[in-house]
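Before any comments, here is the structure.
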Amino acid sequence: EPEVTQTPSHQVTQMGQEVILRCVPISNHLYFYWYRQILGQKVEFLVSFYNNEISEKSEIFDDQFSVERPDGSNFTLKIRSTKLEDSAMYFCASSESFGVGATYSNQPQHFGDGTRLSIL
Amino acid sequence: DAKTTQPNSMESNEEEPVHLPCNHSTISGTDYIHWYRQLPSQGPEYVIHGLTSNVNNRMASLAIAEDRKSSTLILHRATLRDAAVYYCILRDWNQGAQKLVFGQGTRLTINP
């Protein structure tokens, strides 16, 4: 079964450094997401991306964050100047189609196994 | 977003059925009920969804109350691999492919 893959599985970075988290969504999927989960807390939405544009972002997704689909396969999350509180598991997800209506809205999101980001 | 309420934790025995409840008293007519689960050290995984009628798939069954204010995820014969956090999430079909809003979920422990 096709799956979402994320690299690296664990990233250790000094505070203030830039980090790029990489994701390869399922190949025929059109809608992409980033979520994060701080240790012991809920999974939180960061951003959704469709047609090379951000379609929605949360309050967490401030100016230090950016997303990009640099080619036809990768989807990246960049954190420009990392802070201690950015330490978390970051999950990428993708879904097959986009649109309003039951068929589109109920498409499952497929998640990767995450990148554990540790800021020192 | 309409809220869901789930017990923090539940425990069951291997090979027995498990019924995971979810209350969603403020559900709207356009909300579908979705269930995801998160196995240890993994990302969330889609389980099942439904609107009004009960639903079955290879992973589980979803029983939806007639007034839609509650639902129950049923694992017919739990295995150790079903130990996970289970999330009940409402998705408005009128809103497109929207974000998932996760609560704390129910942590299910399976005893051998």
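Top to bottom, those sequences are chains A and B.
Positions 30 to 149 (the working numbering) are the ones given, in order, by the first sequence.
Positions 2 to 113 (the working numbering) are the ones given, in order, by the second sequence.
Note that beta-carbon positions come from the ideal geometry of N, C-alpha and C, so glycine has one too.
In this text the structure is predicted, and so the values were computed from the model without any measurement.
Option nearest R25(A) by Cα separation, candidates F120(A), D100(A), E32(A), F90(A): With chain A represented from 30 up to 149, any question about residue 25(A) goes unanswered, as that position is not in the structure.
Check whether Q39(B) and V102(B) have beta carbons under 8 Å apart: Within the second sequence, residue 39(B) is the residue found at index 38, counting from 1. Within the second sequence, residue 102(B) is the residue found at index 101, counting from 1. No, these two residues do not count as a Cβ contact at 8 Å.
Residue-chain proximity (E85(A), chain B), Cβ-Cβ < 8 Å: Counting from 1 along the first sequence, the entry for residue 85(A) is found at position 56. Among the residues facing chain B, E85(A) is included, as its CB has a counterpart in that chain under 8 Å away.
E47(A) versus K112(A): straight-line alpha-carbon distance, rounded: As a first step, residue 47(A) must be located in the first sequence, where it is residue number 18. As a first step, residue 112(A) must be located in the first sequence, where it is residue number 83. Answer to the nearest angstrom: the Cα atoms are 10 Å apart.
Residues within the stretch 11-41 of chain B neighbouring chain A, beta-carbon criterion of under 7 Å: Y33
Beta-carbon separation (whole angstroms), D83(B) vs L109(B), contact threshold 8 Å: Your numbering for residue 83(B) matches position 82 in the second sequence. Your numbering for residue 109(B) matches position 108 in the second sequence. Confirmed, Cβ separation roughly 7 Å.
Rounded distance between the beta-carbons of E12(B) and N112(B), thought under 8 Å: Within the second sequence, the letter at position 111 stands for residue 112(B). Within the second sequence, the letter at position 11 stands for residue 12(B). Yes, they are in contact, since the Cβ atoms of N112(B) and E12(B) sit about 7 Å apart, within 8 Å.
Neighbour list for Q43(B) in chain A, Cβ cutoff strictly below 7 Å: As a first step, residue 43(B) must be located in the second sequence, where it is residue number 42. Under the 7 Å cutoff, chain A gives D142.
Where the stretch 68-95 of chain A meets chain B: residues whose CB sits under 7 Å from a CB there: K71, V72, F74, S77, E85
Delimiting residues of the beta strand (DSSP E) encompassing P137(A): In the first sequence, the residue the question calls residue 137(A) occupies position 108. Looking at the DSSP string, P137(A) is not in any beta strand (DSSP E), and its letter there is neither H nor E.
Distance cut-off 7 Å: Y119(A) Cβ against heavy atoms of the ligand GDP: Looking for the ligand GDP in the displayed structure turns up nothing, as the structure carries no ligands at all.
Delimiting residues of the beta strand (DSSP E) encompassing D32(B): Locating residue 32(B) in the second sequence gives position 31, counting from the first residue. Here the beta strand (DSSP E) through D32(B) covers 32-39.
Cα-Cα separation, T80(B) to Q93(A): As a position in the second sequence, residue 80(B) is number 79, starting the count at 1. As a position in the first sequence, residue 93(A) is number 64, starting the count at 1. Roughly 43 Å separates the two Cα atoms.
Contact set between E46(B) and chain A, taken where Cβ atoms lie within less than 8 Å: Along the second sequence, read from residue 1 onward, the residue named residue 46(B) stands at position 45. Those within 8 Å of E46(B) in chain A are F140.
contact_flag[the stretch 62-76 of chain A, the stretch 26-34 of chain B] where n(CB pairs < 8 Å) is 3 or more: no
Any chain B beta carbon closer than 8 Å to F120(A): Counting from one through the first sequence, the residue named residue 120(A) turns up at place 91. Chain B contact via Cβ: present.
Beta carbon proximity, V56(B) to chain A, threshold 8 Å: Within the second sequence, residue 56(B) is the residue found at index 55, counting from 1. So, not an interface residue.
Minimum Cβ-Cβ distance from Q105(B) to chain A less than 8 Å: In the second sequence, counting from the first residue as 1, residue 105(B) sits at position 104. Residue-level contact check: Q105(B) touches chain A, since one or more beta carbons of chain A fall below 8 Å from its beta carbon.
Within chain A, the residues that L101(B) reaches when beta carbons sit closer than 9 Å: Position 100 of the second sequence holds residue 101(B). Residues of chain A passing the Cβ test: Y62, Y64, V72, F74, A122, Q138.
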